[in-house]
């Protein structure tokens, strides 16, 4: 039998809010949340423990949070800073093990199996990491410990986040006394809908699933779900038992299959084709820039759009095969605009996406008798260099200066939030 692994899942407590409190020491004992203070309809991205104790929750609207906590201090997010601190924390973790896998901006998996002889038992390693992060960033981190990634995750969510020490362990030999006694909605990836299914099946606790034979659980799932559910059944049965063979994979880079960009729009403003085309072209520019950065070319262009007139809603997604792989803006734009013009129904557009798929590495390029594609590529690479050095808005198309353009706004954001 292979030696049991020791996996950590480390979480930065109230990550965005903790970073803002570290930046503003005067706010240390005040309720703080991260969101856009200028938009009461915007959402709360993070709230500190003091704010949470007063009822503020993540993902609720800023106006609702202020109604619960009038003295709440709402700070505009700085995504570039949060990403930088997350990467810095990765470097701290890598001082203890070379097996670090980012799970999200504030959660990272560590396999510390090989670190135990050098640093001591898992609990001691967890304390050392907590102290190092606190001294370096003033952020508290919680640590879930388990022999698999799924048990580390459930140890973090169900125990470590709820204890003053912030470190908890789930082990196979103690599951019956710990995890299995929890309500079924505490199991990873069980939302309200699956909770209702399990409740109707008489499975109120995680242990009620874990103690069943897999075949019996599959039969119950089929009766309840009224459809083929064997894959779901196997996943939940394994999760209840803590079974997860997936390793901690160092790094976050995987081979790209496609590169895409999207933008949510105020549908009331995007009723005309010429306005929608402005945004589509801006998205194409960014997709092609990212494709060149990865030294790739794509052969499949896809366009998607959500449409609504306030009463009716619809979505279309179409794709087309290019004559040859490309990362040139004008070639991708021509295909994308053609798809939009052919399939847009005429209703206002509330979301627009563009994707370049069928990626292949840069290589031999097909010559064109009527166009110097290499010269165009060199020009676009020069533009990329200017943007990389001076910012995405250092050089842009004239159409982006129109009222419909969103490129200038996007240049100030990461993932839809301010840098």
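Residue numbers (the UniProt record's numbering): 1 to 419.
Think of the CB as a built atom: it goes at the ideal place given N, C-alpha and C, for glycine as much as any other residue.
For residue 59, same chain residues with a beta-carbon under 6 Å away, outside a window of 5 residues either side, are 43 in chain order.
Counting only runs that start and end inside the region 309 to 340, there is no alpha helix (DSSP H) element of at least 4 residues. The DSSP assignment places 141 to 146 and 167 to 169 as complete runs of the beta strand (DSSP E) inside the region 137 to 202, in order along the chain (cut-off: 3 residues).
The Cβ atoms of residue 246 and residue 149 sit closer than 8 Å to each other. Listed in chain order, the beta strand (DSSP E) elements of length 3 or more contained wholly in the region 276 to 308 are 296 to 308. Under the three-state reduction of DSSP output, residue 270 falls in the coil class, being neither helix nor strand.
Between residue 155 and residue 169 a beta carbon distance of about 6 Å is seen, short of the 8 Å cut, so the two are scored as contacting. The beta-carbon distance between residue 282 and residue 392, rounded to whole angstroms, is 10 Å. This is too long to meet the 8 Å contact definition. Annotation: the continuous beta strand (DSSP E) that includes residue 264 extends over 258 to 264.
Proximity to residue 360 across 29, 294, 205 and 25 peaks at 294, based on C-alpha coordinates. Per the DSSP secondary-structure output, residue 353 pairs in a beta bridge with 262 and 304. For the pair residue 268 and residue 307, the Cα-to-Cα distance works out to about 11 Å. When DSSP states are grouped into helix, strand and coil, residue 77 belongs to the coil group. Counting every other CB atom within 10 Å of its CB across the protein chains shown gives residue 39 a total below 16, marking it as exposed. Counted as a single uninterrupted DSSP element, the alpha helix (DSSP H) harbouring residue 15 occupies residues 15 to 23. When the beta-carbon positions are compared, residue 318 and residue 265 stay at least 8 Å from each other.
Residue 101 is a Cβ neighbour of residue 249, given a cutoff of 8 Å. Residue 349 and residue 377 have their C-alpha atoms spaced approximately 32 Å apart.
Contact between residue 17 and residue 47 holds: their C-beta atoms lie close to 6 Å from each other, under 8 Å. The Cβ-Cβ distance between residue 62 and residue 35 falls below 8 Å.
Boundaries of the beta strand (DSSP E) harbouring residue 110: 107 to 111, taken from the DSSP string. Collapsing the DSSP output to three states places residue 378 in a helix. Here residue 163 is exposed, its C-beta having fewer than 16 other C-beta atoms within 10 Å. For residue 102, the enclosing beta strand (DSSP E) stretches over residues 100 to 104. Taking one beta carbon from each stretch, the region 119 to 135 and the region 87 to 101 have 3 or more pairs nearer than 8 Å; the two touch. Beta-bridge pairing by DSSP links residue 399 to no other residue. As computed with DSSP, residue 9 is found in a beta bridge with 109 and 144. In the DSSP annotation of this structure, the continuous segment of the beta strand (DSSP E) that includes residue 33 starts and ends at 32 to 34. DSSP, reduced to helix, strand and coil, places residue 384 within a helical segment of the structure shown.
Going by DSSP, residue 62 is part of the alpha helix (DSSP H) stretching over 62 to 68. Residue burial annotation: residue 311 is exposed, with fewer than 16 other C-beta atoms found within 10 angstroms of its C-beta. In the DSSP assignment, residue 238 falls within the unbroken alpha helix (DSSP H) covering 230 to 240. Here DSSP, grouped into helix, strand and coil, assigns residue 360 to strand.
DSSP places residue 28 in no alpha helix (DSSP H); its state is neither H nor E. Listed as beta-bridge partners of residue 129 by DSSP are no residues whatsoever.
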